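A.B. asks: Respectively, the protein sequence lines represent chains A and B.
Letter by letter, the first sequence follows residues 1 to 197 in the working numbering.
Letter by letter, the second sequence follows residues 1 to 197 in the working numbering.
2 protein chains.
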Amino acid sequence: MGAVPADGVKQTRRDQILDAAAELFARHGFHGVGIDDIGAAVGISGPALYRHFRSKDAMLGEMLTSISERLLEGGQARVDAAPDAATALQALVRWHVDFALDDPALITVQMRNLANLTDPDRRRVRALQRRYVEVWVTALQESVAVDEPTARAAAHAVFGLINSTPHSAHLDRDQMAALLTRMALASLTTAGVLATA
Amino acid sequence: MGAVPADGVKQTRRDQILDAAAELFARHGFHGVGIDDIGAAVGISGPALYRHFRSKDAMLGEMLTSISERLLEGGQARVDAAPDAATALQALVRWHVDFALDDPALITVQMRNLANLTDPDRRRVRALQRRYVEVWVTALQESVAVDEPTARAAAHAVFGLINSTPHSAHLDRDQMAALLTRMALASLTTAGVLATA
DNA sequence: ACAAGGGGTAAACGACCGTTAACCAGCCTG
DNA sequence: CAGGCTGGTTAACGGTCGTTTACCCCTTGT
């Protein structure tokens, strides 16, 4: 799990810790996992983590801001690269689906543990998330006829749909990707028709 | 928030506590809210809760089992009352949408705090959830041509879509219900086409 | 050769928090 | 009017857990 570790390349200890923590946070929740658990997961024990992070809160903070940045950056890039609005939307869906399938732990943590962030960290993450939603909202408005509040709600709904992936490991990766992409696009294009019926 | 309190009728103190706890758990997570917080939310303080519940875990347990029971019971009832498979699926969607819109806190807790349950409670809740999923899976297989694993994954995806409702309060209740219903049905009917493409 | 520092350890500290104990006020019943 | 539930209260206990401290090894550059 956790995005493929680049090549055979040794990832820095920080990243190793972050990956292990993400997995644990996803499974047991932020408060449900102790500093000792995280240490044990990477073969060191307990307080050694403080050689790499200022606090447990800092781990979650760094984890969530980095997810949000990657999501925003990747999404924006794909929209910019798309020739027209319709393919931009498709690219966004595929991007988010790939992300969710490759990093289910990170997605889960981002969905569930926003509340456990420190106040400044939460502000930062929320700002990034808002910008990401904004990317979706404009892509939606440009490709399907829909008012802005509906577009916003539809975006959140599709996030929920795609992010549900950690809960169902019944299909293999490619089938799952195809299914989620199809469902997401279907729901989005329908969202436009008779928007304010 | 929290399902309409029947009529003007006074709800029992237990239910009052459960409602307040649900709201708090949804907002801050199970471990993020203290026994004192829950007490304060209903005007009593701290340990008085132990006159009504055996433990904090017991509150969560009762909360989640009751949600799961209501969900299953209501879903099954609607399927039984439906004349054919297609309307059964529509009824399921509407049922789940209504539930999510009327009890956003409960839905949120059920999605996020399964891991915080005690082992026996978790087994109970999971069993109920499995049966609920089963209701959806059979309804799906009878109305759209789709293999079972795909139906299962699609059901989870639609739960994610509908349960996203707490994150977006941009639309009023009826518009939101219409939007979610439309999106859910669109994604589901599309899930069947070329299922194992 | 050696000082420096990065990265690890185990032990102690301190706060928080779920739970229990001891106590008490009102109400309803006999 | 006595006496026992019912449902509160505050204070104390105990465990868990994040964090700090003190110590140590091993590597590396001078």
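Where a beta carbon is used, it is the ideal one built from N, C-alpha and C, also for glycine.
Bear in mind that the values here come from a model prediction, so they are computed numbers and not experimental data.
1) Going by DSSP in three states, Gln11/B sits in which element: helix, strand or coil?
2) Could you check whether the Cβ of Gly75/A sits closer than 8 Å to any Cβ belonging to chain B?
3) Quick one: does Gly39/B have its CB under 8 Å from some CB of chain A?
4) From Leu180/B to Gly46/A, what distance separates their C-alpha atoms?
5) For a contact defined as C-beta to C-beta under 7 Å, what are the partners of Phe159/A on chain B?
6) Just to confirm the assignment, what range does the alpha helix (DSSP H) spanning Arg54/B have?
7) In its own chain, which residues sit with a C-beta less than 7 Å from the C-beta of Gly189/B, not counting the 5 before and 5 after it?
8) Decide if Pro83/B is buried, meaning its Cβ has at least 16 other Cβ atoms within 10 Å, or exposed.
9) For Asp174/A and Gly34/B, what's the separation of their Cα atoms in angstroms?
10) Unbroken alpha helix (DSSP H) runs of length 4 or more, entirely within the segment 159-188 of chain B: which are they?
11) Helix, strand or coil for Ser68/B? Go by DSSP, reduced to three states.
12) At the 8 Å Cβ level, is His198/B part of the contact set with chain A, yes or no?
13) Could you work out which residue in Asp147/A, Thr138/A and Val97/A is closest to Met198/A when comparing CA atoms only?
14) Where does Ala82/A fall in DSSP's three states?
15) What in chain B is Cβ-close to Met183/A, meaning under 7 Å?
16) Which residues, in chain order, does the segment 171-182 of chain A contribute to contact with chain B at a C-beta distance below 8 Å?
17) Using the three-state DSSP reduction, which class does Arg112/A fall into: helix, strand or coil?
18) Can you find a CB in chain A that lies within less than 8 Å of the CB of Ala115/B?
19) With burial defined as no fewer than 16 other Cβ atoms inside 10 Å of the residue's Cβ, what is the status of Ala54/B: buried or exposed?
20) Assuming contact is defined by CB atoms lying nearer than 8 Å, are Asn163/A and Gly160/B in contact in what I supplied?
21) Could you tell me how far apart the beta carbons of Ala186/A and Ala154/A are, in whole angstroms, since I believe they sit closer than 8 Å?
22) Taking 8 Å as the cut-off, decide whether the C-beta atoms of Gln110/B and Leu72/B are in contact.
23) Under 7 Å Cβ-Cβ, which residues of chain B neighbour Ser168/A?
24) Which value, in whole angstroms, describes the spacing of the CA atoms of Ala177/B and Ala21/A?
25) Do Ala157/B and Met141/B have their beta-carbon atoms positioned less than 8 Å apart in this structure?
26) Are the C-beta atoms of Val4/A and some chain B residue less than 8 Å apart?
27) With a threshold of 8 Å between beta-carbons, can Pro104/A be considered close to chain B, or not?
28) Taking His167/A as the reference, which of Gln129/B, Ala88/B and Ala77/B has the closest Cα?
29) Does the distance from the C-beta atom of Gly61/A to that of Leu49/A stay below 8 Å?
30) Give the residues of chain A in contact with Pro120/B, contact being defined as C-beta atoms less than 8 Å apart.
31) From Arg122/B to Leu92/A, what distance separates their C-alpha atoms?
32) Applying a beta-carbon distance threshold of less than 7 Å, which residues of chain A neighbour Pro149/B?
33) Out of Thr12/B, Gly43/B, Leu18/B and Leu171/B, which has the shortest C-alpha to C-alpha gap to Lys56/B?
34) Could you run through the segment 17-33 of chain B and flag, in chain order, every residue whose CB is less than 8 Å away from some CB of chain A?
35) What residue range is occupied by the uninterrupted alpha helix (DSSP H) comprising Pro47/A?
C.D. replies: To lay it out plainly:
1) coil
2) no
3) no
4) Leu180/B and Gly46/A: Cα-Cα distance of roughly 45 Å.
5) Ser164
6) Taken as a continuous stretch (DSSP letters only), Arg54/B belongs to no alpha helix (DSSP H), as it is neither H nor E.
7) Position check: residue 189/B holds Thr in this sequence, whereas Gly was assumed. The answer, listed in chain order, is Val144.
8) exposed
9) 43 Å
10) none
11) helix
12) Past the boundaries of the shown model lies residue 198/B; chain B is included only from 1 to 197, so the question cannot be answered.
13) A question about residue 198/A goes unanswered here, because the residues of chain A that appear run from 1 up to 197.
14) coil
15) Ala154, Ala157, Ser187, Thr190 and Ala191
16) The segment 171-182 of chain A vs chain B, Cβ under 8 Å: Leu171, Gln175, Met176, Ala178, Leu179, Leu180 and Arg182.
17) helix
18) yes
19) Position check: residue 54/B holds Arg in this sequence, whereas Ala was assumed. Flag for Arg54/B reads exposed.
20) For Asn163/A and Gly160/B, yes; Cβs fall inside 8 Å.
21) Incorrect: roughly 12 Å between the Cβ atoms, too far for contact.
22) No, Cβ-Cβ distance for Gln110/B and Leu72/B is not below 8 Å.
23) Arg152, Ala153 and His156
24) 37 Å
25) The sequence shown places Gln at residue 141/B, not Met. Going by C-beta atoms, Gln141/B is not nearer than 8 Å to Ala157/B.
26) A caution first: Val4/A carries a pLDDT of 49, below 50, which makes its placement in the model unreliable, though a value can still be read off. Chain B contact via Cβ: absent.
27) no
28) Gln129/B
29) no
30) Simply none; closest approach about 18 Å.
31) 36 Å
32) His170 and Leu171
33) Leu18/B
34) Residues of the segment 17-33 of chain B whose Cβ lies closer than 8 Å to any Cβ of chain A, in chain order: Arg27, His28, Gly29, Phe30, His31 and Gly32.
35) Neither: Pro47/A is in no alpha helix (DSSP H) and is coded neither H nor E.
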